[in-house]
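>
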């Protein structure tokens with residue numbers, strides 16, 4: 003399945019957040035624009051809450067993880083007033099996707115970027131935690 007993504011800013015009575023939906027396998031050429039849109043929304047709205055729906059996603063390629071580490075994380079923390087992110091992830095059953103998420107968490111932690119993240123099976127669970 004060819005990869006696709008959608009990024010939205012969600013206004014909710016309990017709090018606003020950025021929602022990212024990723025489907026299939028995203029090559030770097032599609033992965034970068036997705037997270038560049040997230041950066042634009044972080045800067046424009048100064049939100050530090052992100053919901054990432056990866057329930058229909060495949061493994062996160064190594065080049066994508068490297069790009070996040072070298073480009074996205076430093077920029078996100080530079081432009082955010084919060085300097086801390088809360089990220090709810092709806093994860094796929096795909097074991098390779100889950101393994102690549104663990105590798106990504108390790109990379110982020112090595113960069114000393116403050117983030118509280120948690121994995122969920124449903125959007126309701128993820129949203130409730132994110133906005134609590």
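Numbering (the working numbering), first residue to last: 3 to 134.
C-beta atoms are modelled at their ideal positions from N, C-alpha and C, and glycine is treated no differently.
This structure is a prediction, so every number in the text was calculated from the model and none was measured.
Here's the rule: buried if 16 or more other CB atoms are within 10 angstroms of the residue's CB, otherwise exposed. What is residue 75?
Under this definition residue 75 is a buried residue.
> Give the DSSP-derived three-state secondary structure of residue 62 in the structure shown.
Three-state result, residue 62: coil.
> Between which two residues does the beta strand (DSSP E) containing residue 11 stretch?
Taken as a continuous stretch (DSSP letters only), the beta strand (DSSP E) holding residue 11 covers 6-12.
> Assuming the contact rule is C-beta atoms closer than 8 Å, residue 92 and residue 124 should be a hit. Round their C-beta distance to whole Å, please.
Yes, they are in contact, since the Cβ atoms of residue 92 and residue 124 sit about 7 Å apart, within 8 Å.
> Roughly how many angstroms lie between the CA atoms of residue 111 and residue 119, to the nearest whole one?
Taking the straight line joining both Cα atoms gives about 12 Å.
> Verify whether the separation of the beta carbon atoms of residue 30 and residue 65 is less than 8 Å.
Yes.
> For the beta strand (DSSP E) that residue 90 lies in, which residues bound it at each end?
Its beta strand (DSSP E) spans residues 87-92.
> Determine the contact status of residue 116 and residue 86, defining contact as a CB-CB distance below 8 Å.
Cβ distance < 8 Å, so residue 116 and residue 86 count as in contact.
> Closest to residue 95 by C-alpha separation, out of 56, 106, 70, 83, would be which residue?
Checked all of 56, 106, 70, 83; the closest Cα to residue 95 is 56.
> My guess is that residue 53 and residue 90 are in contact by the Cβ rule of under 8 Å, so how many angstroms apart are they, rounded?
Going by Cβ atoms, the distance from residue 53 to residue 90 rounds to 5 Å, so yes, they are a contact pair.
> According to the Cβ coordinates, are residue 38 and residue 5 closer than 8 Å?
Against a cut-off of 8 Å, the Cβ pair of residue 5 and residue 38 comes out as no contact.
> Tell me which same chain residues have a C-beta within less than 6 Å of the C-beta of residue 24, skipping the five on either side of it?
So the list reads 7, 56, 59, once near-sequence residues are dropped.
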